[in-house]
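Worksheet: one structure, shown below.
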Amino acid sequence: MKNTFSILFYLRKSKNKTNGTTPIYVRVTVNGKRSDFSAKRSIDPFKWNKSKARAKGTNEVTRTLNTYLDTLKQKLYDAH
8 MKNTFSILFY LRKSKNKTNG TTPIYVRVTV NGKRSDFSAK RSIDPFKWNK SKARAKGTNE
68 VTRTLNTYLD TLKQKLYDAH
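In our numbering, the protein residues as written are 8 to 87.
Structure, rendered in C-alpha cells:
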C-alpha cells in the first residue's frame, strides 16, 4: 500500500473574528484520512495567498507569520 502525507494551510472563513481577521487552519492528510486544527494565528483574508498558502507581503509581521507556518510544517513532517 502506498503511503501518502500532505499538509495544507487554509483560512477558515466561517470563524471570522470581530477585528476582521480570519483564523489559519492546518489540514494534515495521511493515507486519505484528514485532520484539521488551528495554527493559532489569524490574518486579514485580503493578505492571504490561497494558491501558495502563505501571507502576502514583505513586512516584518508577514515574514514572521510565514516563518511560523514553515516551522509548523517542518515539525509536522518530522513527526510523520
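Every residue gets a Cβ at the ideal spot worked out from N, C-alpha and C, and that includes glycine.
Beta-carbon gap between P89 and S42 smaller than 8 Å: The structure shown does not extend to residue 89, since the chain spans only 8 to 87, so no value can be given for it.
Short Cβ contact (8 Å threshold) for T71 with K63: Looking up residue 71 in the sequence shown gives position 64. Looking up residue 63 in the sequence shown gives position 56. Contact: no.
Sequence-distant residues of the same chain with beta carbon closer than 7 Å to K80, five excluded per side: Walking along the sequence shown from the start, residue 80 turns up at place 73. If we look at K80 and ignore the five residues flanking it on each side, its Cβ neighbours are I14.
Alpha carbon of D85 to alpha carbon of T78, nearest angstrom: Mapped onto the sequence shown, residue 85 falls at position 78. Mapped onto the sequence shown, residue 78 falls at position 71. The alpha-carbon atoms of D85 and T78 are separated by roughly 10 Å.
T10 in three-state terms, based on DSSP: Stepping through the sequence shown from its first residue, residue 10 is reached at position 3. Before going on, a small fix: residue 10 reads as Asn here, not Thr. Note: N10 maps to coil in three-state DSSP.
Whole-angstrom distance between Y32 and K47, CA atom to CA atom: Mapped onto the sequence shown, residue 47 falls at position 40. Mapped onto the sequence shown, residue 32 falls at position 25. Between the alpha carbons of K47 and Y32 lies a gap of roughly 8 Å.
Where R34 sits in the DSSP three-state scheme: The residue labelled residue 34 in the question sits at position 27 within the sequence shown. Strand, per DSSP.
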